[in-house]
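Some notes on the structure that comes next.
Numbering (the numbering used here), first residue to last: 4 to 553.
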């Protein structure tokens, strides 16, 4: 089952074909060594387990995220999943996608089952429905007048006790769903169970599949009746089906007989009257295996389970928001990040036109430097360099767009605009050169070679917003203004700040600049008027409130 990963890190991009068992980390003894100082010595396993690729964090200090969510223990991987370790991104690619079901309830063996809902092949006759939002409250003792009412209340207590004992304080949703189905198997004579949860787009997706039978095939396919699923979804009511294989309407449906579906129950998972999932149990052994009493019991299980699942989903949401906050804080200055996260500033997801100043800077002679130094020394140098430069970007409320090798791309005006964004960008560049000069003095005193950078700045209208695939979105800007800014950075010599005419016209009252010979850059038919910034006309301290004195 071929699979490969694309690694995007401090050393650039590389593709690696995976073996059945792979270790990733900073230490050279790993199958795949990652030259990233934030990555642990032994950070992650990626292994082929019973036909599915699984990632397992090895208790790393900084953790592992899959699609922005931090994982604990094992996590099944799907094609195009993005794995983040430290400052390294890994894109997983495989031709096979599996839905993990965990180990079977009684047999204790792992199963990787596939769940499909086929409208034309599998249908069932609905025999019984329970009223939606069945009452789960308990009757006061003085109102209990018959034994049946007492039995019903006892059953609710029993289900609640059994579930709480099984799940404890589990908040991991996948583990929680598996424990809920295990408990359902203990309470009801079912062979297979499936939990489907509603996705953001409104579709139902299998999140957990369990089988009770010992020796069940790991490739077993679970086919669900669309009649039952749609009925539960539409009416928010629990449903009990009859023996489909004995129903005269399906005498020609050989797939049903081959499936051996005898009896099926499906119950809604509800939160404040809204359906967020469906639980399904079926039996392949006994004809008409389930009774109306079983359906009531299963509904009680679902009522209790819904509370636990919602708690788990809420905990996951909080964790995701924490990751989002961390990402924004890496991308934006603290002041701007707080505005975005509080909703005071909205970032367009589809892209919007914004007047933006773009700043590019890269290290001169970086390729030859990399060839003559140890990779780890280069990584350490880059990390220290980036740390200092990004602090300056944030000081002037710029946005860190990305690192590309030794290049930094920063934005002023996206996602938050200021009246003096071009000024902020040029001020950033001058301070970068000043800080770099101080750092170089320290490096040379320690026997290290100095670092020289060139800076290019351009401004104008760009398309800004979340761009990329559904699995790998990032905030960035695109357009001719961006491309030209990158070209200006290439024109700049070591220690130079080269700006376009558009930038010069915005900042000429604040900075001294020398016009350079017109530059012919790629993508432009006419040569560009460019200027080299040599200093500030009236130097002053940058105000704490981040507003430039008039």
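Heads up, the beta-carbon is just placed ideally off N, CA and C, and yes, glycines get one too.
Own chain, CB closer than 8 angstroms to residue i, minus 5 neighbours either side, in chain order
i           : result
residue 65  : 41, 42, 43, 88, 89
residue 165 : 186, 189, 190
residue 16  : 9, 10
residue 541 : 513
residue 111 : Residue placement at residue 111 is poorly supported in this model, since its pLDDT is 35, which falls under 50; the coordinates still yield a value, given next. Correct list: empty, nothing qualifies.
Supposed contact pair residue j and residue i - C-beta distance, whole angstroms, cut 8 angstroms
i           : j           : result
residue 425 : residue 510 : 5 angstroms
residue 536 : residue 429 : 6 angstroms
residue 497 : residue 538 : The pair is not a contact, with the Cβ atoms about 17 angstroms apart (cut-off 8 angstroms).
residue 282 : residue 305 : 5 angstroms
residue 309 : residue 273 : 6 angstroms
residue 357 : residue 416 : 6 angstroms
residue 225 : residue 198 : Residue 225 to residue 198, Cβ: 12 angstroms. No contact.
residue 39  : residue 76  : Their Cβ separation, rounded to whole angstroms, is 22 angstroms, which puts residue 39 and residue 76 out of contact at 8 angstroms.
residue 86  : residue 58  : 6 angstroms
Beta-carbon proximity check, residue i vs residue j, cutoff 8 angstroms
i           : j           : result
residue 433 : residue 381 : no
residue 418 : residue 402 : yes
residue 293 : residue 286 : yes
residue 466 : residue 450 : no
residue 360 : residue 506 : yes
residue 480 : residue 531 : no
residue 176 : residue 312 : yes
residue 37  : residue 56  : no
residue 214 : residue 244 : no
residue 174 : residue 210 : no
residue 534 : residue 502 : yes
residue 454 : residue 439 : yes
residue 396 : residue 431 : yes
residue 494 : residue 522 : yes
Three-state class that DSSP yields for residue i in the structure shown
i           : result
residue 503 : strand
residue 524 : coil
residue 496 : coil
residue 379 : helix
residue 539 : strand
residue 204 : coil
residue 389 : helix
residue 423 : coil
residue 42  : coil
residue 51  : strand
residue 397 : helix
residue 403 : strand
residue 239 : coil
residue 433 : helix
residue 293 : coil
residue 114 : Only weak support exists for where residue 114 lies, its pLDDT of 38 falling under 50; the value from the coordinates is given anyway. If DSSP states are grouped into helix, strand and coil, residue 114 belongs with coil.
residue 414 : strand
residue 220 : Here the model assigns residue 220 a pLDDT of 39, short of 50, so the residue's position is not dependable, and the following value carries that caveat. DSSP places residue 220 in coil when its eight states are reduced to three.
residue 554 : The first residue shown for the chain is 4 and the last is 553, placing residue 554 beyond what the model contains.
residue 234 : helix
residue 563 : Because the chain in this structure spans residues 4 to 553, residue 563 falls outside the shown range and cannot be described.
residue 439 : helix
residue 286 : strand
residue 22  : coil
Counterpart residues of residue i in DSSP-defined beta bridges
i           : result
residue 459 : 363, 501
residue 199 : 209, 281
residue 453 : Paired residues: none, contrary to the question.
residue 358 : 464
residue 28  : 36
residue 95  : 8
residue 58  : 49, 78
residue 73  : 68
residue 373 : None; residue 373 has no bridge partner.
residue 514 : 539
residue 274 : 277
Cβ neighbours of residue i in the same chain (closer than 6 angstroms, five flanking residues each side left out)
i           : result
residue 405 : 412
residue 368 : none
residue 427 : 399, 415
residue 183 : 308
residue 23  : 51
residue 487 : 461
Contact set for residue i: own chain, Cβ-Cβ below 7 angstroms, skip 5 residues either direction
i           : result
residue 21  : 6, 7, 8, 49
residue 161 : none
residue 492 : 363, 364, 365, 457, 458, 459
residue 354 : 466, 467, 468, 470
residue 45  : 26, 28, 30, 33, 61
residue 376 : none
residue 443 : 453, 454
Any non-hydrogen atom of the ligand NAP within 7 angstroms of residue i CB
i           : result
residue 194 : Ligands are entirely absent from the displayed structure, and the ligand NAP is therefore not among its contents.
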